[in-house]
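Here's the structure, in structure tokens; my notes come after.
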Amino acid sequence: MRRFLGILVFVVFAGISVNSWASSGGIPIIKEEEPKKSQPQPKPQPQAKPKTKAVAPTISKEELAALRKKKALIAKKKEVLNNTEWDIEMFPLSGKGKSLKDVIVFAENKVSAKSLENRGFLPTNYTLSITEEGKLIWETMQSKDDEIVFFRGEISPGLESMSGVVSFQKLEGSQDYSFRSTAKKKTSLR
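The opening residue of the sequence shown carries number 0 in numbering that gives the first Met the number 0; numbering runs sequentially from there.
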């Protein structure tokens with residue numbers, strides 16, 4: 000009897016039905032149910048998307064003139080910044096460890112640090128912006144193998160001094176430093 004119930008449960012769960020019993024031995028004859036024929040579904044029609052035109056942001060003539068003036072000022076400051084070397088002293092942000100000395104070089108519209116060049120890092124492009132107070136902000140990223148170095152510097156309006164942050168990112172972890180300039184000089188083209 001248990002065997003019969005087990006087979007019956009299997010038959011029900013398997014999605015098949017018992018059609019009839021065989022006359023010899025009472026063994027059920029199992030017939031698979033035929034799949035139900037589904038009614039053909041109408042194909043969905045693509046919905047027409049409302050037509051909208053892209054609207055370009057509008058800018059007034061005064062705003063456009065101010066942007067052009069700022070862009071020209073940045074280009075002029077970048078030209079003045081070119082061919083300068085800044086002696087810097089770096090201090091670990093953790094407060095642990097010794098300070099380090101390095102030289103940041105701006106040449107040919109690129110920036111580099113002499114210690115990084117000695118380790119195979121190439122000079123890279125940098126972005127330059129100007130704050131409302133006239134300070135220059137420059138940023139760059141340099142990479143070599145599994146190491147990435149981020150610089151962010153702030154230069155006084157008269158280009159007399161610089162301070163900023165440098166972050167060395169390695170697989171083993173990162174080292175972050177603040178830095179400040181100790182001297183600046185003009186250089187000739189490399």
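Even for Gly, the Cβ is constructed at its ideal location relative to N, Cα and C.
All figures in this text were calculated on a predicted structure; none of them were measured in a lab.
(1) Under the rule that 16 or more other beta-carbon atoms within 10 Å means buried, what is Pro-156, buried or exposed?
(2) Alpha carbons only, please: which of Thr-130, Gly-96, Gln-141, Phe-90 is nearest the one belonging to Val-110?
(3) Based on the DSSP secondary-structure assignment, which residues constitute the bridge partners of Gln-174?
(4) Near Ile-225, which residues of its chain fall below 8 Å by C-beta distance, leaving aside the five closest residues on each side in sequence?
(5) Going by the beta-carbon positions, is the gap between Glu-153 and Met-161 smaller than 9 Å?
(6) In the DSSP assignment, what residue or residues form a beta bridge with Phe-149?
(7) Go through the region 67-142 residue by residue and report every complete run of the alpha helix (DSSP H) that reaches 4 residues or more, in order.
(8) How many Å lie between Phe-211 and Lys-52 at the Cα?
(9) Considering only the alpha carbon of each residue, which of Leu-115, Asp-86, Glu-61 lies closest to Val-102?
(10) Report yes if the C-beta distance between Glu-88 and Lys-100 is below 9 Å; otherwise report no.
(11) Is Phe-3 buried or exposed, if buried means 16 or more other CB atoms sit within 10 Å of its CB?
On the basis of the coordinates in this document:
(1) Reading the sequence shown from its first residue, position 157 is the one you call residue 156. It is exposed - the Cβ of Pro-156 has fewer than 16 other Cβ atoms within 10 Å.
(2) Here residue 110 refers to the residue found at position 111 when the sequence shown is read from its first residue. Selected option, being the one with the closest Cα: Gln-141.
(3) Here residue 174 refers to the residue found at position 175 when the sequence shown is read from its first residue. For Gln-174, which the question treats as bridged, DSSP gives the partners Phe-167.
(4) Absent from the structure is residue 225, since the part of the chain shown begins at 0 and ends at 189.
(5) Stepping through the sequence shown from its first residue, residue 153 is reached at position 154. Stepping through the sequence shown from its first residue, residue 161 is reached at position 162. Contact: yes.
(6) Looking up residue 149 in the sequence shown gives position 150. According to DSSP, Phe-149 bridges with Met-140, Ser-166.
(7) 113-117
(8) One cannot answer for residue 211 here, as it falls past the ends of the chain, which runs 0 to 189.
(9) Counted from its first residue, the sequence shown places residue 102 at position 103. Minimum Cα distance to Val-102 is reached at Asp-86.
(10) Walking along the sequence shown from the start, residue 88 turns up at place 89. Walking along the sequence shown from the start, residue 100 turns up at place 101. A distance below 9 Å separates the beta carbons of Glu-88 and Lys-100.
(11) Numbered from its first residue, the sequence shown carries residue 3 at position 4. Model confidence at Phe-3 stands at a pLDDT of 43, short of 50, so the residue's coordinates are unreliable; what they give is reported in the following sentence. Exposed, since its Cβ has fewer than 16 Cβ neighbours within 10 Å.
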